[in-house]
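Novice: Please find one structure pasted underneath; my questions will follow.
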Amino acid sequence: MSLAPVVILACGNPSRGDDALGPMLLDRLQDWLAGEGLSTGYELIGDFQWQVEHALDLAGRRLALFLDAGQRTPAPWVLRQVLALATPTPSTHALSPEAVLAVLARIGQPAPPTFVLGVAGERFELGEGLSAAASRHAEGAFALLQALCRTPRVDAWQALATGEPGGFVRWSARDAQ
Numbered sequence: 001m002s003l004a005p006v007v008i009l010a011c012g013n014p015s016r017g018d019d020a021l022g023p024m025l026l027d028r029l030q031d032w033l034a035g036e037g038l039s040t041g042y043e044l045i046g047d048f049q050w051q052v053e054h055a056l057d058l059a060g061r062r063l064a065l066f067l068d069a070g071q072r073t074p075a076p077w078v079l080r081q082v083l084a085l086a087t088p089t090p091s092t093h094a095l096s097p098e099a100v101l102a103v104l105a106r107i108g109q110p111a112p113p114t115f116v117l118g119v120a121g122e123r124f125e126l127g128e129g130l131s132a133a134a135s136r137h138a139e140g141a142f143a144l145l146q147a148l149c150r151t152p153r154v155d156a157w158q159a160l161a162t163g164e165p166g167g168f169v170r171w172s173a174r175d176a177q
């Protein structure tokens, strides 16, 4: 079985308000890719949080994108290229994208060019629904996802990025809790 050249990893908890943005956008993207006939070029992976094992999902890819909601993310979204942490912090769960890349390096695998799309959220409490602001931000983020998937090239993704490579700081909803 051959790997899809691009992997998109989304995390979030649909039961925690705006934390549902990652899984929601991933589901919507899956339907859109199928409708556009682009599904074979992408592997979509959803989880509650990024873990050590997700490093293996990056191996052998041409491009990777991490997708998540963030309480401290500038609205409506932020797209940045990320690099592996120079000194990874040991953990068994809830890793940042940079830490997942560091795990990949530790097992001797080259990392694909990797980007993070953080979508601004406001409410992350258990049992809350998606906020009106997060719904609006999701629309803009989905348009960006469509543009990224129409042109799966590093230079095209870099042109759409809003920050410098490696300049992404911790922004995850998990960090805000």
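Numbering of the sequence shown is given in the numbering used here, commencing with residue 1 and proceeding in unit increments.
Ideal Cβ positions, reconstructed from N, Cα and C, are used throughout, including at glycine.
1) For the putative contact between W32 and L95, defined by C-beta atoms under 8 Å, what is the C-beta separation to the nearest angstrom?
2) Kindly list the residues whose CB is nearer than 7 Å to the CB of P113, restricted to its own chain and excluding five residues on each side of it in sequence; keep chain order.
3) Checking the sheet assignment: what are the DSSP bridge partners for Q81?
4) Taking L25 as the reference, which of R61, A10, G35, S15 has the closest Cα?
5) Indicate whether L126 and S2 have their beta-carbon atoms separated by less than 9 Å.
6) Under the assumption that P97 contacts F66 (Cβ atoms under 8 Å), give the Cβ distance between them as a whole number of angstroms.
7) Does the beta-carbon of I8 have 16 or more other beta-carbons within 10 angstroms, so that it is buried, or is it exposed?
8) Which same chain residues, not among the five before or five after L21, have their C-beta less than 7 Å away from its C-beta?
Specialist: On the basis of the data shown:
1) Going by Cβ atoms, the distance from W32 to L95 rounds to 28 Å, so no, they are not a contact pair.
2) L63, Q81, V154
3) F115
4) A10
5) no
6) 4 Å
7) buried
8) G12, A69, V119, G121, A134, A138
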